[in-house]
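Here the structure is laid out as structure tokens; the discussion comes afterwards.
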């Protein structure tokens, strides 16, 4: 038993215990799916961030920075974090207003359409399963590399760590465990920095040395290292802006983000939590990116770039800080996986098997738990046997949902003229428009140019599908009525005191934006320019 | 260019804050 393994086991036992205790309060499916729709801001913020950041951010993105792509990843990080403000105000608040249990149910209700609800549910399952398998792989690989346990055993521990409380407690458990795990990985991203900076010889020294790096030139320049992705700074910049928009769209419309808003106790909570989540995400990711760059300055010879942060945690800091850091990275993975599982399970019982609902409240909860358990066993089998036929699904990751749902979700809230067939064909063509080029590119080994990115093709196809769909059938009276009811503010929201508090949060966010700009100018740009003379 | 991007990061958050303020006020009138 090493200290890292003990730390991880203690953390997982705490997560599972807290998650299961929360489940004892589950009385009906409303509790199970949306935590009774009375969650306060801390739980919404915690779950938003915990569900968004996983091992992909902690190990994948930091690996790219270590590999020489600091500015590219930083641009994506800043753009994606701003997505919260747009998502909550353009989509999230309104989906919550529809008082549904799942996001596919919102689409079905908005256009009185079973086939649209089914399509939304199937695209959700595809994208979320893809993302979940990569999160599980990330957790298992991390656990395997720090504990030395066999990979297959790590898969089972990883699976147990989020399945038990998610199946038993549903969203009521996930909200609380997500928030605790968020606090652990927030600490993980921040506590190691002083040790990493001092090992790098101090902040200015680290920036100077990286700016003048001859082994990986351009690692922190605006161009990025030109051997890493594209051969020119301009192409790398365009890539970063495109992927920043893709991930901002994921923050705005993906089910693992918008579903959190369904559980908020009121609309003020939705709007306020978006501000805090935005500030939280950019703080965590910026800390990680600088850490990864500094680790390159300390040790440029780490073989696998996605283990750079792990190497830092195990070699640059006191044991207890290292344990917190590695436990935090693991928590980021586990908290995303628990949300993914609850999304698939909820959508299976709430959307696909909607007709199975009975008048018996307890029986409904039992059906929901059985559905969740079945989904979790399927996921375990996929992750454990890792069949190559299924493995390719991970390649799609989470971004396919931005193509399939992005245009449709925003338009459904803001267009009175949109019809059911516009939503259906827009979603279907958006999904296929992303998946088919991605599959082609993976199978043929052809890298598509940036302007033919599968995300773009998906978005364009989604718009084409929407326009054609509206020609086939125009909005019915029922559609227009649903649209209008989305734009009526509930009486319960009207409270001058709360309005003022929600409004005033703008000033905090403004100040944060100014501080963020000043931080980059004084901690990065000016030292960089001095180093380059 | 590094300086321009650094300022742009802050500016983008400031723009997002103004968007938030606009949408919150608009939402109060719904």
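Protein chains in written order, with the working numbering: chain A, 2 to 534; chain B, -17 to 12.
The beta carbon of each residue, even a glycine, is placed where N, CA and C say it ideally should be.
May I ask you to list the residues that DSSP assigns as paired with residue i?
i                      : result
residue 535 of chain A : Absent from the model: residue 535 of chain A. The displayed extent of chain A is 2 to 534, so no value can be given.
Under 8 Å, Cβ to Cβ, is there at least one residue of chain B near residue i?
i                      : result
residue 1 of chain A   : The first residue shown for chain A is 2 and the last is 534, placing residue 1 of chain A beyond what the model contains.
residue 507 of chain A : yes
residue 222 of chain A : yes
residue 513 of chain A : yes
residue 72 of chain A  : yes
residue 239 of chain A : no
residue 15 of chain A  : no
residue 231 of chain A : no
residue 207 of chain A : no
residue 62 of chain A  : no
residue 83 of chain A  : yes
residue 510 of chain A : yes
residue 87 of chain A  : yes
residue 34 of chain A  : no
residue 272 of chain A : yes
residue 504 of chain A : yes
residue 500 of chain A : yes
residue 525 of chain A : yes
residue 90 of chain A  : yes
residue 96 of chain A  : no
residue 126 of chain A : no
Do residue j and residue i come within 8 Å of each other at the CB atom, strictly closer than that value?
i                      : j                      : result
residue 339 of chain A : residue 178 of chain A : yes
residue 64 of chain A  : residue 226 of chain A : no
residue 147 of chain A : residue 5 of chain A   : yes
residue 513 of chain A : residue -5 of chain B  : yes
residue 244 of chain A : residue 77 of chain A  : yes
residue 331 of chain A : residue 140 of chain A : yes
residue 45 of chain A  : residue 264 of chain A : yes
residue 160 of chain A : residue 137 of chain A : yes
residue 121 of chain A : residue 112 of chain A : no
residue 351 of chain A : residue 102 of chain A : yes
residue 220 of chain A : residue 71 of chain A  : yes
residue 1 of chain B   : residue 87 of chain A  : yes
residue 294 of chain A : residue 303 of chain A : no
residue 504 of chain A : residue 262 of chain A : no
residue 254 of chain A : residue 407 of chain A : yes
residue 282 of chain A : residue 403 of chain A : no
residue 532 of chain A : residue 212 of chain A : yes
residue 192 of chain A : residue 22 of chain A  : no
residue 289 of chain A : residue 12 of chain A  : no
residue 40 of chain A  : residue 187 of chain A : no
residue 510 of chain A : residue -10 of chain B : no
residue 362 of chain A : residue 27 of chain A  : no
Give me the residue from the options with the minimum Cα distance to residue i.
i                      : options                    : result
residue 372 of chain A : A:267, A:457, A:347        : A:347
residue 91 of chain A  : A:239, A:128, A:275, A:132 : A:275
residue 35 of chain A  : A:192, A:104, A:449, A:72  : A:104
residue 450 of chain A : A:239, A:531, A:220        : A:239
residue 80 of chain A  : A:476, A:100, A:453, A:242 : A:242
residue 501 of chain A : A:272, A:322, A:462, A:307 : A:272
residue 126 of chain A : A:185, A:256, A:82         : A:256
residue 434 of chain A : A:419, A:457, A:417        : A:457
residue 453 of chain A : A:486, A:467, A:356, A:437 : A:437
residue 286 of chain A : A:505, A:82, A:365         : A:82
residue 229 of chain A : A:365, A:250, A:306        : A:306
residue 51 of chain A  : A:21, A:74, A:106, A:163   : A:163
residue 494 of chain A : A:25, A:73, A:17, A:95     : A:95
residue 422 of chain A : A:380, A:376, A:469        : A:469
residue 401 of chain A : A:443, A:375, A:455, A:385 : A:455
residue 173 of chain A : A:130, A:384, A:20         : A:20
residue 169 of chain A : A:278, A:343, A:381, A:185 : A:343
residue 487 of chain A : A:499, A:363, A:416        : A:416
residue 329 of chain A : A:75, A:185, A:370         : A:185
residue 379 of chain A : A:366, A:349, A:399        : A:349
residue 7 of chain A   : A:188, A:207, A:474, A:149 : A:149
residue 62 of chain A  : A:427, A:27, A:248         : A:248
residue 354 of chain A : A:123, A:73, A:506         : A:123
residue 508 of chain A : B:-12, B:11, B:10, B:-3    : B:-3
residue 461 of chain A : A:301, A:427, A:443        : A:427
| request: With 9 Å as the C-beta to C-beta threshold (strictly closer), list the residues of the region 485 to 496 of chain A near chain B in chain order. | output: 488, 489, 490, 494, 495
| Where the region 139 to 159 of chain A meets chain B: residues whose CB sits under 8 Å from a CB there | none
| What residues in the region 244 to 255 of chain A have a beta carbon less than 9 Å from any beta carbon of chain B? | none
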